[in-house]
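K.L.:
Sequential numbering from 27 applies to the sequence shown in this note's numbering.
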Amino acid sequence: VDLALTILELTSRDNRFQTFSNMLLHPLLFRGQWRDNCATMEVRLRNQGTRHDIGNLLRQCPDDAPDDLREHLQQLYEAVQAAPGRARALDWLSHWRRCWLAVGYHTSGAEWPLREEFDQVLLEFAGLDASLGDISQNEATAWLTQLCQRQRYQPEGARDAPIQVCELSDALDQAPDHLYMADMH
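1) Quick one: what's got a C-beta closer than 7 angstroms to E150's C-beta in the same chain, skipping five residues either side?
2) May I have the straight-line CA-CA distance separating N82 from D28, to the nearest angstrom?
3) On a Cα-Cα basis, can you pick out the residue from A109, D79 and V129 that is closest to R96?
4) Would you tell me roughly how many angstroms separate the C-alpha atoms of D117 and Q107, rounded to the nearest one?
5) Roughly how many whole angstroms lie between the Cα atoms of A201 and C192?
6) Count the other C-beta atoms from every protein chain shown that fall within 10 angstroms of the C-beta of N41, then say buried if there are 16 or more, exposed otherwise.
7) Which same chain residues, not among the five before or five after Q100, have their C-beta less than 7 angstroms away from its C-beta?
8) For the segment 65-109, which segments carrying the alpha helix (DSSP H) assignment without a break, of at least 4 residues, lie completely within its bounds, in sequence order?
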């Protein structure tokens with residue numbers, strides 16, 4: 027939920043470095059081969075200052091980054107650029123879903139551990155549509171954050187296989203009880 031709310035903080039201009047850092051280094055969002063590229067981007071952004079426009083994500087993407095990472099960043103850029111100035115709750119909800127999907131963050135489905143709990147919060151937010159009228163992005167995000175803080179989440183544990191054999195980069199995304207590393211140089 028914190029990651030979903032972090033993504034909602036993104037604006038066309040004047041983003042805090044910390045927002046970019048939290049997103050780029052989050053283990054649930056950019057995994058495997060993208061992790062190194064996102065860490066490189068985070069360092070480059072850190073060296074450029076504390077405030078950034080959304081285009082800096084694209085400009086700081088390493089030249090050797092996979093095309094699909096660039097596509098996700100381009101889609102996020104376009105989604106953030108398309109944010110309305112003021113809108114109703116349902117319109118903000120549609121915008122947020124575009125932003126989440128742009129970076130491959132699905133807030134529903136089999137991979138989402140909160141099941142319908144977050145959807146209930148989003149429905150509650152959508153129910154404020156008539157009461158709130160047209161609101162800014164900051165107001166909409168503040169309302170959603172407040173609703174999320176009232177919810178008690180009980181995530182369902184992942185049902186991974188008891189034993190997994192994988193590459194080191196894939197193992198970094200897991201929290202195993204025991205980790206055995208073999209054939210290391």
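Even for Gly, the Cβ is constructed at its ideal location relative to N, Cα and C.
Given the structure is predicted, the values throughout are model-derived calculations rather than measurements.
P.N.:
Judging by the given coordinates:
1) Within the sequence shown, numbered from 1, the residue matching residue 150 stands at position 124. So the qualifying residues of the chain are L173.
2) Counting from one through the sequence shown, the residue named residue 82 turns up at place 56. Counting from one through the sequence shown, the residue named residue 28 turns up at place 2. Their backbone Cα atoms lie some 22 angstroms apart in a straight line.
3) Translated into positions along the sequence shown, residue 96 becomes position 70. Taking only the C-alpha atoms, the option nearest R96 is V129.
4) By one-based count along the sequence shown, residue 117 stands at place 91. By one-based count along the sequence shown, residue 107 stands at place 81. Linking D117 to Q107 through their CA atoms gives a straight-line distance of about 15 angstroms.
5) As a first step, residue 201 must be located in the sequence shown, where it is residue number 175. As a first step, residue 192 must be located in the sequence shown, where it is residue number 166. Their backbone Cα atoms lie some 13 angstroms apart in a straight line.
6) Along the sequence shown, read from residue 1 onward, the residue named residue 41 stands at position 15. Classification of N41: buried, given that the 10 Å Cβ count is 16 or more.
7) Your numbering for residue 100 matches position 74 in the sequence shown. Same-chain partners within the cutoff: L84.
8) 81-85 and 93-107
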